[in-house]
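A.B. asks: If you use the working numbering, the sequence shown corresponds to residues 2 to 425, in order. Idealized CB from N, CA, C, for every residue including glycine. The structure presented is a predicted model; accordingly, all values stated were derived computationally and were not measured.
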Amino acid sequence: DLDMFGKLDQGALRIRASSRQQLVRLEYSDPRFHRYGDNQFAPLNLSAQYLRDSTVTRFFRSTIDKGAFGIVQRLDEKGNPIDEFGQPAGEPTINRFTFNAESQRYMDRRRHSVLFVRYAYEDVRLFNIGSLLIASILRPDRAVRLSRVGATFVLDTRNSEFDARRGQYLNVDYSLSLRQLGGNLSFNKFQLNYRRFYQLKQLRKTTVLAGNLTLGLANLFNPRDRNGNGVIDDVDKTLPISERFFAGGSTTLRGIGFEEAGPRAIVPECFLQTPFPRGCGIFRNQKGNLVQLDPFTVPVGGNALAVVNLEARTTLTKAFQVVPFYDGGNVFHRIGDIFGHGKSAEDDPNATLAERIIAHNLRARWTHTIGLGIGVKTPIGGTLSIDYGWLVNPPDFLIPQQSGNPAMFRPGHGQINFRFTRAF
């Protein structure tokens, strides 16, 4: 309805249902919720959504969900999900309810500055995850309830949103989640994104110097025992997976795969036991045949993010550009890891081998990527970009072995990225 109550209010109801997914979404918008200044109005946008999804490969992020040989869960001979003990585990399902309320106000229209304020409630429940390859990673987040307030300030003086040549862009976001507001976790989260563009003209060529800084910081306070082991350990001090920072790919760190930067975890987790339990890593492939999986790592994000991007966009012709670039940064397990502060179990001589492997794979260091991109302007607008990024110092990760010292895994140096837009 585009004119609810005769006040230009808008409302929408969306319902979608199938055997594996059910969705109900309700939206309401009041464009003249609050008047301020000379004939200016702050809108109010409300939305509520319920989603039930039993598609296992959609849990949180696709990067975490990928297994080996297409295997994402443990199945019996008939293709039914079973847990590590061979017992029926049921179909993995995620139930998610969200409610959002947001308003905004222009601080200075000439400088294109806007302030957004919001309240968000989210209740996420995971059921029957025992059969999943990444069950150990998801288990602490089986029941996450977040209730938070937040604000975002945006300043945009760029001459173009899609192909800026001069100006700057600033986005600062802060949110506070509290148990006192009805959640079961308390944390604060800060995110900053700043971009600057400066145009140089030399003879017939035009070069745009572009820089980007992305910073993310989060900290839990009064953590609770989320994995049920009776103690407040490292996992309990880390954000839920859906709230962690991730990076890597064509718009952040171009020498690293999509969202593959930063800390990693060993999968399947049974390989961290000494000796390996009988049957560890044995799964059925899509044909129903038993296969033995070797241990591997999956990115799990972190509580901090720091990324710097520098580009020199040089125009060769009206249609072609070359773009040498530098990307630096990483996703970090803790804020102190950005500066290399703090100790971990890796430095403890009394730590077990499994503890040292876990600590080593969680510790991230600043990465450096250099590369070259080619941009082609298309007739329909926008730029088709192809980048090649060379990761100068790829990280290394420890992989447990049946006997002897852990093996070392190091991702490749080079990545090719395609996109129909600028990197930033």
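(1) Would you tell me roughly how many angstroms separate the C-alpha atoms of ALA424 and GLY263, rounded to the nearest one?
(2) Do you know offhand how far PHE61's Cα is from ARG126's?
(3) Is the segment 369 to 389 touching the segment 312 to 322 in the sense that three or more CB pairs, one from each, lie closer than 8 angstroms?
(4) Note down the Cα distance separating ALA90 from ILE83, rounded to an integer number of angstroms.
(5) Are there 16 or more other CB atoms within 10 angstroms of the CB of PRO276, so buried, or fewer, so exposed?
(6) So what does VAL125 bridge to, in DSSP terms?
(7) Taking DSSP's pairing of strands, which residues face LEU52 in a bridge?
(8) At the level of alpha carbons, what is the spacing between ASN96 and GLN200?
(9) Mind checking ASN331: buried by the 16 CB within 10 Å criterion, or exposed?
(10) Is the segment 405 to 418 touching the segment 247 to 262, taking contact as three or more C-beta pairs under 8 angstroms?
(11) DSSP state of PHE425, grouped into three classes?
(12) ARG140 and ASN228 - do their beta-carbons sit closer together than 8 angstroms?
(13) Per DSSP, what kind of secondary structure is LYS238 in: helix, strand or coil?
(14) Is ILE267 helix, strand or coil when you go by DSSP?
(15) Distance, Cα to Cα, PHE410 vs PHE398?
(16) State the Cα-Cα distance for the pair LEU221 and ALA305, rounded to the nearest angstrom.
(17) Between the segment 236 to 249 and the segment 291 to 305, do at least 3 Cβ pairs fall closer than 8 angstroms?
(18) Count the CB pairs spanning the segment 103 to 118 and the segment 190 to 200 that are closer than 8 angstroms, and state whether there are at least three.
(19) Less than 8 angstroms separating the beta-carbons of ILE336 and LEU218?
(20) Within 10 angstroms of its Cβ, does SER386 collect 16 or more other Cβ (buried), or is it exposed?
(21) Can you tell me the Cβ-Cβ gap for LEU9 and LEU52, rounded? I've got them flagged as a contact below 8 angstroms.
(22) To the nearest whole angstrom, what separates the beta carbons of ASN290 and ILE72, a pair I think is in contact under 8 angstroms?
(23) Once DSSP output is grouped into helix, strand and coil, what is the label at ALA365?
C.D. replies: Once the coordinates are examined:
(1) The sequence position of residue 424 within the sequence shown is 423, counting from 1. The sequence position of residue 263 within the sequence shown is 262, counting from 1. Using only the alpha carbons, I get a separation of about 20 angstroms.
(2) Within the sequence shown, the letter at position 60 stands for residue 61. Within the sequence shown, the letter at position 125 stands for residue 126. Because the pLDDT of PHE61 is 46, which lies under 50, any placement of that residue in the model is unreliable, and the question is left without a value.
(3) yes
(4) Position 89 of the sequence shown, counted from the first residue, corresponds to residue 90. Position 82 of the sequence shown, counted from the first residue, corresponds to residue 83. Straight-line Cα distance between these residues: approximately 5 angstroms.
(5) Residue 276 sits at position 275 when you count from the first residue of the sequence shown. Flag for PRO276 reads exposed.
(6) As a first step, residue 125 is located in the sequence shown; it is residue number 124 there, counting from the start. According to DSSP, VAL125 bridges with ARG97 and VAL145.
(7) On the sequence shown, residue 52 is found 51 positions in, with the first residue counted as 1. DSSP output for LEU52 lists LEU24 and ARG97 as bridge partner(s).
(8) Here residue 96 is taken as the residue at index 95 of the sequence shown, counted from 1. Here residue 200 is taken as the residue at index 199 of the sequence shown, counted from 1. Their Cα atoms are separated by approximately 49 angstroms.
(9) In the sequence shown, residue 331 corresponds to position 330, counting from 1. Buried is the call here.
(10) Cβ pair count under 8 angstroms is three or more, so yes.
(11) To locate residue 425, count along the sequence shown from 1; it is residue 424. Three-state DSSP puts PHE425 in coil, outside helix and strand.
(12) Here residue 228 corresponds to residue number 227 of the sequence shown, with the count starting at 1. Here residue 140 corresponds to residue number 139 of the sequence shown, with the count starting at 1. Contact: yes.
(13) Taking the first residue of the sequence shown as position 1, residue 238 is located at position 237. Looking at LYS238 - three-state DSSP - the assignment turns out to be helix.
(14) The residue you call residue 267 lines up with position 266 of the sequence shown. ILE267: strand per DSSP, three-state reduction.
(15) Counting from one through the sequence shown, the residue named residue 410 turns up at place 409. Counting from one through the sequence shown, the residue named residue 398 turns up at place 397. Each residue's Cα considered, the two are about 5 angstroms apart.
(16) Taking the first residue of the sequence shown as position 1, residue 221 is located at position 220. Taking the first residue of the sequence shown as position 1, residue 305 is located at position 304. Spanning the two alpha carbons is a distance of roughly 12 angstroms.
(17) yes
(18) no
(19) What you label residue 336 is simply residue 335 of the sequence shown in a count that begins at 1. What you label residue 218 is simply residue 217 of the sequence shown in a count that begins at 1. Yes, the pair counts as a contact, with Cβ atoms nearer than the cut-off.
(20) Stepping through the sequence shown from its first residue, residue 386 is reached at position 385. Per the 10 Å Cβ criterion, buried.
(21) In the sequence shown, the residue the question calls residue 9 occupies position 8. In the sequence shown, the residue the question calls residue 52 occupies position 51. No, LEU9 and LEU52 are not in contact; Cβ-Cβ is about 29 angstroms, not under 8 angstroms.
(22) Here residue 290 refers to the residue found at position 289 of the sequence shown. Here residue 72 refers to the residue found at position 71 of the sequence shown. With 8 angstroms as the limit, ASN290 and ILE72 do not qualify as a contact, their Cβ atoms being about 11 angstroms apart.
(23) Numbered from its first residue, the sequence shown carries residue 365 at position 364. Three-state result, ALA365: coil.
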